[in-house]
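With this note's numbering applied, the sequence shown covers 42 to 144. For glycine and all other residues, C-beta sits at the position ideal for the given N, C-alpha and C.
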Amino acid sequence: MIGCDSLLDLDGRALGKPGSADEAIARWREMSGRTATLVTGHCVINGATRQQVAAVAATTVRFGTPSEQEIAAYVASGEPLMVAGAFTLGGRGCRLRPARCGT
């Protein structure tokens, strides 16, 4: 079995998935132009032996400064409601980073 989960550390606060579109919008307003740390834990369990191997990785994320219209359109896509920190690096949220997607 393989499991993983993430959270966004913003000023020492652990942010998981937003509970609503309003919360996602509020988070984007707060994250705009700032830097945070995305922390992801992974665990692999051998089903036969129950042996476990786990690790945690951290990535620095620099957020762009999207307009209110860009934030509203991104949240309306539904993507930020399903992910920790209300953003993805590889999905639609990539456009809201200060650097180009894929870099």
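Alpha-carbon to alpha-carbon, residue j and residue i
{"i": "Gly126", "j": "Asn87", "result": "30 Å"}
{"i": "Lys58", "j": "Gly74", "result": "20 Å"}
{"i": "Leu122", "j": "Thr129", "result": "10 Å"}
{"i": "Pro107", "j": "Val80", "result": "23 Å"}
{"i": "Gly103", "j": "Thr90", "result": "At residue 103 the sequence reads Arg, which differs from the Gly that was named. Straight-line Cα distance between these residues: approximately 41 Å."}
{"i": "Cys84", "j": "Gly53", "result": "24 Å"}
{"i": "Gln92", "j": "Met42", "result": "11 Å"}
Reference residue i; option with closest CA among the options
{"i": "Gly44", "options": "Gly105, Ser108, Ala95", "result": "Ala95"}
{"i": "Thr101", "options": "Arg54, Phe128, Thr129, Thr76", "result": "Thr76"}
{"i": "Cys120", "options": "Met42, Asp50, Ile66", "result": "A quick correction: the sequence has Glu, not Cys, at residue 120. Among Met42, Asp50, Ile66, the Cα nearest to that of Glu120 is on Ile66."}
{"i": "Thr78", "options": "Gln110, Val97, Glu109, Gln93", "result": "Val97"}
Rounded Cβ spacing between residue i and residue j (contact assumed at less than 8 Å)
{"i": "Leu56", "j": "Arg68", "result": "7 Å"}
{"i": "Gly105", "j": "Asp46", "result": "So it is not a contact: roughly 25 Å between Cβ atoms."}
{"i": "Leu48", "j": "Met72", "result": "Actually they are not in contact, since the Cβ atoms of Leu48 and Met72 sit about 14 Å apart, beyond 8 Å."}
Are at least three pairs of beta-carbons, each pair with one atom in the segment 57-72 and one in the segment 110-127, less than 8 Å apart?
-> yes
What alpha helix (DSSP H) runs, 4 residues minimum, are completely inside the segment 43-131?
-> 62-72, 109-117
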